[in-house]
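Going line by line, the protein sequences match chains A and B.
According to our numbering, the first sequence is numbered sequentially starting from 1.
According to our numbering, the second sequence is numbered sequentially starting from 407.
Structure record follows, encoded as structure tokens.
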Amino acid sequence: MAGFNILTVTQITSYLKSYIDENKKLSGIYIKGEITDFKANFYSGHYYFSLKDSSAEINCVMFRSYAERIRFMPENGMSVIVRCDLSVYQKSCSCQLYVYDIQPEGLGAKHLAFEQLKAKLESEGLFDVKYKKSIPQYPGKIGVITSESGAALQDIINVLKRRWPVAKIMLTPVSVQGEDSPSQLVAAVKKQDEIIKPDVIIIGRGGGSSEDLSAFNDENLARTIFACKIPVVSAVGHETDFSICDFVADLRAPTPSAAAELVSPDINSLRQIFDDNLEWMKDFLSKKCDDYANLLSKFNSVKLQSFTDNFLFKYQNKLDFIAEKRNFLYKNLLISKDLRFSVALAKLENNNPVKILQKSVCRIEKDNKQIVSSKNVSVGDSIEIYFSDGVLKATVTEKEKGGISL
Amino acid sequence: MKKEIKFEEALEKLAEINEKLESEEISLDDSIKLFKEGIELSKLCQKKLDEAKLEIEKIEIG
Numbered sequence: 001m002a003g004f005n006i007l008t009v010t011q012i013t014s015y016l017k018s019y020i021d022e023n024k025k026l027s028g029i030y031i032k033g034e035i036t037d038f039k040a041n042f043y044s045g046h047y048y049f050s051l052k053d054s055s056a057e058i059n060c061v062m063f064r065s066y067a068e069r070i071r072f073m074p075e076n077g078m079s080v081i082v083r084c085d086l087s088v089y090q091k092s093c094s095c096q097l098y099v100y101d102i103q104p105e106g107l108g109a110k111h112l113a114f115e116q117l118k119a120k121l122e123s124e125g126l127f128d129v130k131y132k133k134s135i136p137q138y139p140g141k142i143g144v145i146t147s148e149s150g151a152a153l154q155d156i157i158n159v160l161k162r163r164w165p166v167a168k169i170m171l172t173p174v175s176v177q178g179e180d181s182p183s184q185l186v187a188a189v190k191k192q193d194e195i196i197k198p199d200v201i202i203i204g205r206g207g208g209s210s211e212d213l214s215a216f217n218d219e220n221l222a223r224t225i226f227a228c229k230i231p232v233v234s235a236v237g238h239e240t241d242f243s244i245c246d247f248v249a250d251l252r253a254p255t256p257s258a259a260a261e262l263v264s265p266d267i268n269s270l271r272q273i274f275d276d277n278l279e280w281m282k283d284f285l286s287k288k289c290d291d292y293a294n295l296l297s298k299f300n301s302v303k304l305q306s307f308t309d310n311f312l313f314k315y316q317n318k319l320d321f322i323a324e325k326r327n328f329l330y331k332n333l334l335i336s337k338d339l340r341f342s343v344a345l346a347k348l349e350n351n352n353p354v355k356i357l358q359k360s361v362c363r364i365e366k367d368n369k370q371i372v373s374s375k376n377v378s379v380g381d382s383i384e385i386y387f388s389d390g391v392l393k394a395t396v397t398e399k400e401k402g403g404i405s406l
Numbered sequence: 407m408k409k410e411i412k413f414e415e416a417l418e419k420l421a422e423i424n425e426k427l428e429s430e431e432i433s434l435d436d437s438i439k440l441f442k443e444g445i446e447l448s449k450l451c452q453k454k455l456d457e458a459k460l461e462i463e464k465i466e467i468g
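Set out below in structure tokens:
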């Protein structure tokens, strides 16, 4: 084939590639289609897929640096619009799209990202009711994660001032929107959980656009809240706004004010409880005192009376008995004393020398006259001694002075 | 410095005291001791509620 201009494979594919690449109409183009054969390379981080419609199909590649920026995970069957350049992969001479960005058709990318993250976390169990911690009834310290200048903080303060001024707010100020927001929210939750350790945490912000609220849809924030050991109440935007943060939190409050209400008891109802308790105690105490007083009065009027009666009766008997016994003993004593006295007296009388003398007394006469003294008798006188059983005629032979006196 | 008072604990304690008071076996001496304890606790809690003033402490995350 002499004379022909012979090209190598590389030369022709290079030509084709540069021909296409130089065509401005084929770069920065938007292509609409349905994703198929989607593969995310685990090591490189690049996405490989095809776009197809009813009659054609084209290969696509999205390098990691672009793939990292999209907030959702492309899926087969998804209708998308890609922004891309058309070029040639020389190795197989295949025409393919080099994709910079993917937008889901219909739904916004953020919305899709939200739905996908929600589905993912839900399937992992992060929203399970069994992990929800209960909110303390009477919190001492209330952690608050929000903007220092936002309306949310003021709302929370106002509610707590009114309902539960017993609490102390532990505020970790963060920016609640913008690029730094998610990492600040994560840092604040960690700080509250690990260092401040309040009884409960409120995380949130006031209302805003869905873009404003997007920091609360951060996956890392969701996982940090899930891992937090302290109960978290989420209050993001208005009642109609739902964030990933709401789903993973232990309790979702429709607004920051509502969050403050949900974590606080009403001070007046607690006051009422203590009032009632004091009242109850006082009533109970006075009733108890009355009961004891009743018991005492019953004891006084009935039991004590019968007790003393019994006592007296019993001891009266005993006393009577003692008295009787004493009288008896006394009488006996007297009788025996009397008796002994008489006996002694009788004995004494029997032994009385005078009596003895009297017993032996006789009548002495001299010249028919009774002699009552020895003086009237002289030695040699004849006397007659009259006994009861006879008369002795005697002569006085001797005379002595003295005698027996009575 | 506000003294920490756990209202949950105080209420639990009061419930315990009331239960003991209502039991039959308790002596008059013990019940008076319990009344004193209960009334003091109630009053202390009320005092805390009356004196309460919302405090705010700011802790930077940095």
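Even for Gly, the Cβ is constructed at its ideal location relative to N, Cα and C.
Closer than 8 Å to the CB of Pro182 (chain A) there is not a single CB belonging to chain B. Annotation for Ile70 (chain A): no beta strand (DSSP E) segment contains it, and DSSP assigns it neither H nor E.
Taking a Cβ-Cβ cut-off of 8 Å, the neighbours of Lys454 (chain B) in chain A comprise Val166, given in sequence order.
When the five nearest sequence neighbours on each side are left out, the beta carbons in the same chain lying within less than 6 Å of the beta carbon of Asn220 (chain A) are those of Val186, in order along the chain. Of all C-beta pairs linking the segment 276 to 291 of chain A to the segment 224 to 236 of chain A, fewer than three are shorter than 8 Å, placing the two stretches out of contact. In the three-state DSSP reduction, Ser79 (chain A) falls in the strand class (E or B).
The segment 65 to 82 of chain A makes contact with the segment 100 to 116 of chain A: 3 or more CB pairs, one atom from each, lie closer than 8 Å. Rounded to the nearest whole angstrom, the CA to CA distance from Ser264 (chain A) to Lys229 (chain A) is 19 Å.
Of all residues in the segment 97 to 127 of chain A, none has a C-beta nearer than 8 Å to a C-beta of chain B.
According to the DSSP assignment, Asp456 (chain B) belongs to the alpha helix (DSSP H) that extends over Leu434 to Glu457. Residue state for Ile135 (chain A) is assigned as coil, using DSSP reduced to three classes. Using a Cβ distance threshold of 8 Å, Ala458 (chain B) and Pro198 (chain A) do not count as a contacting pair.
Shown in chain order are the members of the segment 186 to 214 of chain A whose Cβ falls below 7 Å from a Cβ of chain B: Ala187, Ala188, Lys191 and Ile196.
Counting other Cβ atoms within 10 Å of its Cβ, Asp193 (chain A) reaches 16 or more and is therefore classed as buried. From the beta-carbon of Met170 (chain A), the residues of chain B found nearer than 7 Å are Glu463 and Ile465. The distance from the Cβ of Lys141 (chain A) to that of Met170 (chain A) is about 5 Å, consistent with a contact at the 8 Å cut-off. Around the beta carbon of Gln316 (chain A), fewer than 16 other beta carbons sit within 10 angstroms, so the residue counts as exposed. Contact between the segment 178 to 185 of chain A and the segment 232 to 239 of chain A is absent: fewer than 3 CB-CB pairs across the two stretches fall below 8 Å.
In the displayed model, Ile371 (chain A) falls within coil according to three-state DSSP, outside both helix and strand. For Lys459 (chain B), the neighbours in chain A by C-beta distance under 7 Å run, in chain order, Pro165. Taking C-beta atoms as the reference points, Asp241 (chain A) and Leu213 (chain A) count as a pair closer than 8 Å. Taking the Cα positions, Leu26 (chain A) is about 5 Å away from Leu86 (chain A). Between Arg71 (chain A) and Gly45 (chain A), the CB-CB gap reaches or exceeds 8 Å. Within the segment 125 to 194 of chain A, the runs of alpha helix (DSSP H) at least 4 residues long that lie entirely inside it are, in chain order, 151 to 163 and 181 to 191. Using a Cβ-Cβ distance cut-off of 8 Å, the segment 430 to 449 of chain B and the segment 152 to 164 of chain A are not in contact, since fewer than three pairs of beta carbons, one from each stretch, lie closer than that value. When Cβ-Cβ separations below 8 Å define contact, Glu425 (chain B) makes no contact with chain A.
Separation of Gly208 (chain A) and Val176 (chain A) (C-alpha to C-alpha, rounded to the nearest whole angstrom) is 10 Å.
Put simply, the CB of Ser437 (chain B) is near chain A, with a gap under 8 Å to one of its CB atoms. Cβ contact annotation for Ala151 (chain A) (same chain, cutoff 7 Å, sequence separation greater than five): Gly206, in chain order.
With 16 or more other Cβ atoms from the protein chains shown falling within 10 Å of its own Cβ, Ala260 (chain A) counts as buried.
Interface flag for Glu414 (chain B) against chain A is set, since a Cβ pair is found closer than 8 Å. In chain B, no part has a C-beta under 7 Å from the C-beta of Val88 (chain A); the shortest such distance is about 51 Å. Proximity of chain B to Gln137 (chain A) at the Cβ level (cut-off 7 Å) is accounted for by Glu414, in chain order. Per DSSP, the beta bridge partners of Ala394 (chain A) are A:Ile383.
For Val377 (chain A), DSSP assigns no beta-bridge partner whatsoever. For Gln11 (chain A), the uninterrupted alpha helix (DSSP H) run begins and ends at Val9 to Glu22, by DSSP.
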